[in-house]
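This report concerns only the one structure given below.
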Amino acid sequence: MCLEPEYHGLNRRQLLAGLAGGAALSGSAGCVATNAASGRESFTGFRSIKDDIAEGRANHPKILKSFGGAYEERRLSNYVQNIGLRLAKGAEYQQYPYRFTILNTQIVNAFALPGGFIYITRGLLSLASSEAELAGVLAHELAHVTARHGAERRSAQQVAQLGLLLGSIGLQAAGLPSGLMQIGQTAALAAIKGYSREHEFEADTLGIRYMSQAGYNADAMATFLGSLREHSQVESRVLGLPPGKLDEFNIMSTHPRTIERVKQAQQAAAQSNGQGRWGQEDYLNHIDGMMFGDDPKQGLIRDQTFIHPILRFEFRAPDEFHLRNSPTRVEGRHPDGAMMVFDAGPAKGAQSAFDYLRHVWAAKSQLHDLESLTIDGLDAATAWTTGRGKKGPVRIRALAIRAGQKQLYRFMFISPQDQTGRWAQLFRRSGLSFRRISKRAAAKLRANRLLVVPARADDNIAGLARTLPYGRYNEAWFRVLNDLAPNQTIRKNQRLKVVAG
Ligand SMILES: [Zn+2]
């Protein structure tokens, strides 16, 4: 163990100051701060393995909470855990209690906490096509753990991250804290912070070694990165983001990598001999039947309507808004720049929606035209304020609906200042569409499933893609799911991933 007790709590700057003073490190003269996996000398040498594990343990529940919990389907989760453990067998730092968890979200990502806690989302699993591709992702994350990259970037600024998140809805703090800020403040978010390109290269090089040792074909690292890139491009179009811009939760933004660099990593690892197992059949057999899209427990998007069968309410977004659900909020975007964010907030003792809007939610904002109203028999209040978006001033319409003693539902409707007139009525109609739904209506809502089926002679891509929930991007999405190039057709008996309601 490298850590001397007196260095507990010292940050990197204090350590550097100590180095300059020449005295502070004398106690650890015999301590080699070289990482066993990367072979690099590193400041993390002053953090103990125990510290890593404690940090991972403490943040594991927060990760689960922020990403929809663990996806509990025993056969699939055992499969992922066993592949992970097989990879970890060849890794350094056997002291870590390696644990591989599937997160119950359609977001496409994988990440790791220090101490051996590794996560992969259901959304990412739906895109992979073979066990080797899955192993490549797990091996890459495993390498971030063994190279202790998380510990090295521990001091990265939370403030910058917060700005990034607010930036993702194009809004600078206008005094209206949204759900975004709440996740921005959890330490768990550090896990999905982007790594540097150097760390990515190192994770690929080590990951390729781990997967080769476990008998997998290391080419899968590059092929799957290709699929992830295709997916992120389709997703940007679905979300109405400008070309080349990525969603901040997508794996391509948290792990900046290029296929070129992965191939270089393969050469650096000197283990790219094109051999090893792909395990395509095994993989498809295991993901057959997996939930696809939103879990009804977290609410469902059906066309322009968001429905929550557990909390039992629904509302309708204005036409052409693309809605997206995440564990903490529902976000909608219009191609012309208008946005909406829906979430829930604690009442913090406020006695009415009016009181809440003025003294809790928007306590720091200058509100205009604050008024009370009733929506579907519930106490509500609304007002507007101004803020700054990426492209200039915006008007923000805030609406709070009291759902009970402890919680309020909140809408933020955001439009560029010069489009205020165009949106006023449409936002109003969307807010007023909020209503509670019956138990019976709620019980009818079921999750979509990913099925793996052999193509029939008369199947075509347009027909099979129709079951996807992405409207005019269905076919593009279908091709990404099934590794089909733009003009490639399907052949009879080819095993294809389709979505069933
Ligand atoms: Zn990475």
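Residue numbers for the sequence shown follow our numbering, beginning at -10 and rising by one.
Yeah, the Cβ is synthetic: ideal placement off N, Cα and C, and Gly gets one too.
Taking a 10 Å sphere around the C-beta of R455, we find fewer than 16 other C-beta atoms and assign the residue as exposed. Rounded to whole angstroms, the gap between the alpha carbons of A77 and N67 is 15 Å. Within a 10 Å sphere around the beta-carbon of P232 sit fewer than 16 other beta-carbons, which makes this residue exposed.
Under DSSP, M401 forms a beta bridge with V330, A387. If you check the CB distance, H244 and Y184 come in under 8 Å.
Residue G139 holds the alpha-carbon nearest to the alpha-carbon of E44 among G112, G139, K234. By the beta-carbon neighbour count (other beta carbons within 10 angstroms, threshold 16), H129 is buried. E61 counts as exposed, since fewer than 16 other C-beta atoms from the protein chains shown sit within 10 angstroms of its C-beta. Nearest to T94 by alpha-carbon distance, out of H188, A101, M280, A430, is M280. For H220, the uninterrupted alpha helix (DSSP H) segment begins and ends at 208 to 227. In the displayed model, F310 falls within coil according to three-state DSSP, outside both helix and strand. Contact annotation: R384 and Q406 have beta-carbon atoms nearer than 8 Å.
The bridge partners DSSP lists for P443 are R484. DSSP places M280 in the strand class (E or B) of the three-state scheme. By the neighbour-count definition (other C-beta atoms within 10 Å, threshold 16), E120 is a buried residue. The way I'd put it, the stretch 69 to 84 doesn't touch the stretch 210 to 218; fewer than three beta-carbon pairs between them come closer than 8 Å. Residues of the same chain with a CB within less than 7 Å of the CB of L440, apart from the 5 flanking positions on each side, are D277, G278, V487, A489 in chain order. Distances between the C-beta of Y184 and the heavy atoms of ligand 1 include at least one below 7 Å. Placement of the Cβ of E189 at a distance of less than 7 Å from at least one heavy atom of ligand 1 is found. For E320, there is no enclosing alpha helix (DSSP H); the enclosing beta strand (DSSP E) covers residues 318 to 322. In the three-state reduction of the DSSP assignment, T194 falls in the helix class, which pools H, G and I. Its chain contains M329, R386, F416 as the residues whose beta carbon lies nearer than 6 Å to that of F402, once the 5 sequence neighbours on both sides are disregarded; these appear in chain order.
Counting every other CB atom within 10 Å of its CB across the protein chains shown gives H348 a total below 16, marking it as exposed.
Cβ-Cβ distances below 7 Å link D284 to G57, N93, A436 in the same chain, with the five nearest sequence neighbours on each side left out; the list follows chain order. The stretch 335 to 344 makes no contact with the stretch 311 to 326: fewer than 3 CB pairs, one atom from each, lie closer than 8 Å. For T94, the three-state secondary structure derived from DSSP is coil. Following the DSSP letters along the chain, one finds L289 inside the beta strand (DSSP E) bounded by residues 289 to 291.
Counting of Cβ neighbours within 10 angstroms places P103 among the buried residues, the total reaching 16 or more. Distance check between D208 and each of K252, S422, L346, I72 places K252 closest, using alpha-carbon atoms only. In this structure F423 touches I390 by the C-beta definition: roughly 6 Å separates them, less than 8 Å. D271 is the residue among H297, E309, I38, D271 whose C-alpha sits nearest the C-alpha of L65. Residue burial is scored here from C-beta neighbours: G381 has fewer than 16 other C-beta atoms within 10 angstroms and is therefore classed as exposed. Under DSSP, the beta-bridge partners assigned to Y205 are R266.
The Cβ atoms of A254 and I197 lie closer than 8 Å to each other.
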